[in-house]
Amino acid sequence: MTNHQHILTLAVLLGAVGLWLMLPRGGARGRAVGTVLGIVALGLWFSQFHGLGQWTADGMFFVLAAIAVVAAVGAVTSRNPVYCAIWFGLSLLGTAGLLLLAGAQFIAVATVLVYAGAILVMFLFVLMVAQPEGKASCDQMSWEAGVSAAAGIAMVGVLSVAIGGILAPSCPAMPPIAPPTQEELAAGVLDPHQVARLGDELFGRRLIAVEVAGTLLLAALVGAAVIVNQFSGRRHDGQQKTV
Amino acid sequence: MHPEIALLNDFLLVGAALFGVGLIGFVSRRNMIVMFLSVEIMLQGVSLSLAAWGRFHNDFGGQTLVLFIIAVAACEAAIALALILTLFHRRCSLDIAAWHFLREANQPPFRDVPLPEEPAERREPWPRLPPAGVRPETFGEKDKYRPRV
Chain A
26 MTNHQHILTL
36 AVLLGAVGLW
46 LMLPRGGARG
56 RAVGTVLGIV
66 ALGLWFSQFH
76 GLGQWTADGM
86 FFVLAAIAVV
96 AAVGAVTSRN
106 PVYCAIWFGL
116 SLLGTAGLLL
126 LAGAQFIAVA
136 TVLVYAGAIL
146 VMFLFVLMVA
156 QPEGKASCDQ
166 MSWEAGVSAA
176 AGIAMVGVLS
186 VAIGGILAPS
196 CPAMPPIAPP
206 TQEELAAGVL
216 DPHQVARLGD
226 ELFGRRLIAV
236 EVAGTLLLAA
246 LVGAAVIVNQ
256 FSGRRHDGQQ
266 KTV
Chain B
195 MHPEIALLND
205 FLLVGAALFG
215 VGLIGFVSRR
225 NMIVMFLSVE
235 IMLQGVSLSL
245 AAWGRFHNDF
255 GGQTLVLFII
265 AVAACEAAIA
275 LALILTLFHR
285 RCSLDIAAWH
295 FLREANQPPF
305 RDVPLPEEPA
315 ERREPWPRLP
325 PAGVRPETFG
335 EKDKYRPRV
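Going down the list, the protein sequences come from chains A and B.
No gaps in the numbering here: position 211 of the first sequence is 236 in our numbering, and each next residue is one more.
No gaps in the numbering here: position 72 of the second sequence is 266 in our numbering, and each next residue is one more.
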């Protein structure tokens with residue numbers, strides 16, 4: 026094993042233990058210790074990154090990646106579901122920033138608009154309707170916190186090794202694709218008129234897919250209305266509620 | 195290492211981390227809304243990977259796929275939240291364990307572990323007031339239905 030793999034293994038172990046301590050376990054203590062372990066694991070894991078070449082881009086990338094990952098962990102481990110939703114919104118902002126850094130401007134803005142603007146508000150709305158008092162007893166317990174944390178973090182570790190192996194210069198399985206040069210990128214996905222190019226692609230090559238997505242949205246709208254109405258209609262009939 | 199390959203590597207790693215964290219949340223949390231939020235985190239990880247691959251191949255296909263992911267996530271949110279509201283009306287709880295009777299016939303029933311008592315907050319005692327004024331008039335039985343106010 027190389028030094029690289031040692032560090033990755035250590036990060037996986039610390040991350041799994043940290044997440045196990047952070048997940049709600051019926052009032053058991055150790056959340057602060059878990060947070061510290063998780064931050065150490067994140068730092069070790071970040072040390073395995075290659076960086077983007079410029080220190081400004083590197084700084085932006087690491088700050089945004091830390092926001093996205095830490096906020097995701099916060100969303101998964103918070104006891105109060107309202108805090109889960111707020112952490113999720115922060116994670117979305119980090120992801121949108123990363124997308125912007127990768128040059129996908131329209132996607133970044135659409136993520137903030139659709140996810141943080143619409144979906145997150147809908148989550149909070151349902152939460153306020155269903156559980157306005159915030160905490161509930163089911164939020165204080167998890168299913169098998171240790172096993173799930175170990176499995177999830179081990180999957181991240183395996184994926185890290187696999188991604189690093191595939192993208193290594195010596196990998197025989199690397200697809201014979203030369204990475205794009207800056208000139209090619211400027212004429213392609215980093216075009217100054219990138220949004221116009223994306224729209225051209227969407228409504229040209231992918232027109233049928235766009236139509237199908239629109240039909241899917243309509244079907245979801247009708248489906249949601251039917252699902253909710255079905256229940257309220259049954260209750261007005263006087264049929265007994267199964268509580 | 196080529197900067198574009200380094201960028202692809204880093205973005206794929208962050209996407210993998212988001213996916214793994216979301217997976218942990220989906221498997222371990224019991225609140226239905228939090229489970230659903232975790233699925234959205236997993237989708238974010240996949241979106242990040244797709245955008246990075248699209249840049250590596252210098253093709254708009256990745257970004258197009260992310261747009262479709264966003265559209266499907268919106269549909270999914272509408273349907274799933276309607277279902278969650280329906281389930282909540284049946285059980286008056288967002289706890290997924292309230293539906294454990296849907297298990298297979300040969301599975302043992304789920305037994306909730308009782309939560310340890312939270313430390314009772316120290317309650318300020320009510321002030322003891324000296325009796326003052328006259329005793330209010332009561333009507334005996336009539337207090338229960340109050341024929342007049």
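Glycine included, C-beta positions come from ideal geometry on N, C-alpha and C.
Just so it is clear, the structure is predicted and the values come from calculations on it, not from any experiment.
Through-space distance from V328 of chain B to M47 of chain A, alpha-carbon basis: Along the first sequence, one-based indexing puts residue 47 of chain A at 22. Along the second sequence, one-based indexing puts residue 328 of chain B at 134. C-alpha separation (whole angstroms): 58 Å.
Please report how far the alpha carbon of S162 of chain A lies from the alpha carbon of L237 of chain B, in whole angstroms. For this step, residue 162 of chain A is matched to residue 137 along the first sequence. For this step, residue 237 of chain B is matched to residue 43 along the second sequence. Taking the straight line joining both Cα atoms gives about 28 Å.
Any beta carbon of chain A sitting closer than 7 Å to that of I263 of chain B? Locating residue 263 of chain B in the second sequence gives position 69, counting from the first residue. By this cut-off, I263 of chain B is not an interface position.
Could you compute how far the alpha carbon of G263 of chain A sits from the alpha carbon of Q255 of chain A? Position 238 of the first sequence, counted from the first residue, corresponds to residue 263 of chain A. Position 230 of the first sequence, counted from the first residue, corresponds to residue 255 of chain A. Interpretation of G263 of chain A is limited by its pLDDT of 49, a score under 50 that renders its predicted location unreliable; the figure taken from the coordinates is listed afterwards. So the alpha carbons of these two residues sit roughly 13 Å apart.
Is any beta-carbon of chain B found at less than 7 Å from that of S167 of chain A? To locate residue 167 of chain A, count along the first sequence from 1; it is residue 142. Chain B contact via Cβ: present.
Hey, L241 of chain B and G216 of chain B are a contact pair by Cβ (cut 8 Å); roughly how many whole angstroms apart? As a first step, residue 241 of chain B must be located in the second sequence, where it is residue number 47. As a first step, residue 216 of chain B must be located in the second sequence, where it is residue number 22. According to the sequence shown, residue 241 of chain B is Ser rather than Leu. S241 of chain B to G216 of chain B, Cβ: 12 Å. No contact.
Do you know whose CA, among B:P321, B:N252, B:G248 and B:M229, lies nearest I290 of chain B's CA? For the purposes of this step, residue 290 of chain B is taken as residue 96 along the second sequence, with counting starting at 1. Here the closest residue by C-alpha is B:M229.
Do V137 of chain A and A121 of chain A have their C-beta atoms closer together than 7 Å? Against the first sequence, residue 137 of chain A aligns to sequence position 112. Against the first sequence, residue 121 of chain A aligns to sequence position 96. Cβ atoms of V137 of chain A and A121 of chain A: closer than 7 Å.
If we define contact as Cβ-Cβ less than 7 Å, is G84 of chain A a contact residue for chain B? Mapped onto the first sequence, residue 84 of chain A falls at position 59. No, G84 of chain A lies away from the interface with chain B (no Cβ there is under 7 Å from its Cβ).
What are the uninterrupted segments assigned as alpha helix (DSSP H) that are 4 or more residues long and contained completely in the stretch 41-72 of chain A, given in chain order? 56-71
Amino acids of chain A, ordered along the chain, whose beta-carbon sits closer than 7 Å to that of L206 of chain B: For the purposes of this step, residue 206 of chain B is identified with residue 12 of the second sequence, where counting begins at 1. Chain A residues near L206 of chain B: I188.
Answer yes if the stretch 95-114 of chain A comes into contact with the stretch 203-222 of chain A, meaning at least three C-beta pairs across the two stretches below 8 Å, and no otherwise. no
Quick check: the Cα distance between A245 of chain B and A41 of chain A, rounded to an integer number of angstroms? The sequence position of residue 245 of chain B within the second sequence is 51, counting from 1. The sequence position of residue 41 of chain A within the first sequence is 16, counting from 1. Cα to Cα, the separation comes out at about 28 Å.
Taking only beta-carbon atoms, is C163 of chain A less than 7 Å away from chain B? Start at 1 with the first residue of the first sequence, and residue 163 of chain A comes out as number 138. Yes, its Cβ sits closer than 7 Å to a Cβ of chain B.
Alpha-carbon spacing of L206 of chain B relative to A174 of chain A, whole angstroms: By one-based count along the second sequence, residue 206 of chain B stands at place 12. By one-based count along the first sequence, residue 174 of chain A stands at place 149. Roughly 20 Å separates the two Cα atoms.
Contact criterion: CB-CB distance below 7 Å. Does H294 of chain B meet it with respect to chain A? Here residue 294 of chain B refers to the residue found at position 100 when the second sequence is read from its first residue. For H294 of chain B, the answer is no, since every Cβ of chain A falls outside 7 Å of its Cβ.
Below 8 Å, how does it come out for the stretch 220-236 of chain A and the stretch 248-268 of chain B: are there three or more Cβ pairs, yes or no? yes
Chain-order list of residues whose beta-carbon lies under 8 Å from that of R104 of chain A (same chain, five-residue window excluded): Within the first sequence, the letter at position 79 stands for residue 104 of chain A. So the list reads P49, K160, D164 and Q165, once near-sequence residues are dropped.
DSSP three-state call for N225 of chain B: helix, strand or coil? By one-based count along the second sequence, residue 225 of chain B stands at place 31. Of the three classes helix, strand and coil, the one that applies to N225 of chain B here is strand, per DSSP.
Status (buried if at least 16 other CB within 10 Å, exposed otherwise) for G239 of chain A: Taking the first residue of the first sequence as 1, we reach residue 239 of chain A at position 214. Result: exposed.
The alpha helix (DSSP H) with M147 of chain A in it runs from where to where? One-based indexing of the first sequence puts residue 147 of chain A at position 122. M147 of chain A -> alpha helix (DSSP H) spans L145 to A155.
Contact criterion: CB-CB distance below 7 Å. Does Q301 of chain B meet it with respect to chain A? Residue 301 of chain B sits at position 107 when you count from the first residue of the second sequence. With 7 Å as the cut-off, Q301 of chain B does not count as an interface residue toward chain A.
Please report the Cβ distance between I218 of chain B and L44 of chain A, rounded to the nearest whole angstrom; I am assuming they are in contact, meaning their Cβ atoms lie under 8 Å. Along the second sequence, read from residue 1 onward, the residue named residue 218 of chain B stands at position 24. Along the first sequence, read from residue 1 onward, the residue named residue 44 of chain A stands at position 19. The Cβ separation is near 6 Å, so the contact holds.
DSSP on S162 of chain A, reduced to helix/strand/coil? By 1-based counting over the first sequence, the position of residue 162 of chain A is 137. Looking at S162 of chain A - three-state DSSP - the assignment turns out to be helix.
C-alpha gap between L275 of chain B and I144 of chain A, whole angstroms: Translated into the one-based positions of the second sequence, residue 275 of chain B becomes position 81. Translated into the one-based positions of the first sequence, residue 144 of chain A becomes position 119. The straight-line gap from Cα to Cα measures roughly 10 Å.
Chain B partners of H29 of chain A, CB-CB under 9 Å? Taking the first residue of the first sequence as position 1, residue 29 of chain A is located at position 4. In chain order: nothing, as chain B lies at least about 13 Å away.
Please determine if the stretch 107-123 of chain A and the stretch 75-93 of chain A are in contact, where contact requires at least 3 C-beta pairs separated by less than 8 Å. yes
Residues in the same chain with beta-carbon distance under 8 Å from L223 of chain A, minus the five sequence neighbours each way, listed in chain order, please. For this step, residue 223 of chain A is matched to residue 198 along the first sequence. Only F131 meet the Cβ criterion.
Integer-rounded CB distance, given that I227 of chain B should sit under 8 Å from I278 of chain B: Position 84 of the second sequence, counted from the first residue, corresponds to residue 278 of chain B. Position 33 of the second sequence, counted from the first residue, corresponds to residue 227 of chain B. The pair is a contact, with the Cβ atoms about 6 Å apart (cut-off 8 Å).
Give the interface partners of T136 of chain A over in chain B, defined as CB-CB distance under 9 Å, in chain order. On the first sequence, position 111 is the one that residue 136 of chain A refers to. By Cβ distance, chain B contributes Q238, S241, V260 and I264.
Candidates B:S243, B:A200, B:A268 and B:G248, of which the one nearest A249 of chain A by Cα: Within the first sequence, numbered from 1, the residue matching residue 249 of chain A stands at position 224. Comparing Cα positions, the closest option is B:A268.
Can you find the residues in the same chain that come closer than 6 Å, C-beta to C-beta, to W247 of chain B, ignoring five residues on each side of it along the sequence? As a first step, residue 247 of chain B is located in the second sequence; it is residue number 53 there, counting from the start. Taken in chain order, the residues that qualify are G256.
Any C-beta of chain A under 7 Å from that of M229 of chain B: For the purposes of this step, residue 229 of chain B is identified with residue 35 of the second sequence, where counting begins at 1. It does not; no Cβ of chain A falls within 7 Å.
Using a beta-carbon distance below 7 Å, is R305 of chain B in contact with chain A? For the purposes of this step, residue 305 of chain B is taken as residue 111 along the second sequence, with counting starting at 1. No, because no Cβ of chain A sits closer than 7 Å to the Cβ of R305 of chain B.
Assigned secondary structure, D253 of chain B (DSSP; H/G/I helix, E/B strand, else coil): Against the second sequence, residue 253 of chain B aligns to sequence position 59. Coil at D253 of chain B, not helix or strand.
Select from B:S243, B:F220 and B:F213 the residue whose C-alpha is nearest the C-alpha of L201 of chain B. Along the second sequence, one-based indexing puts residue 201 of chain B at 7. Comparing Cα positions, the closest option is B:S243.
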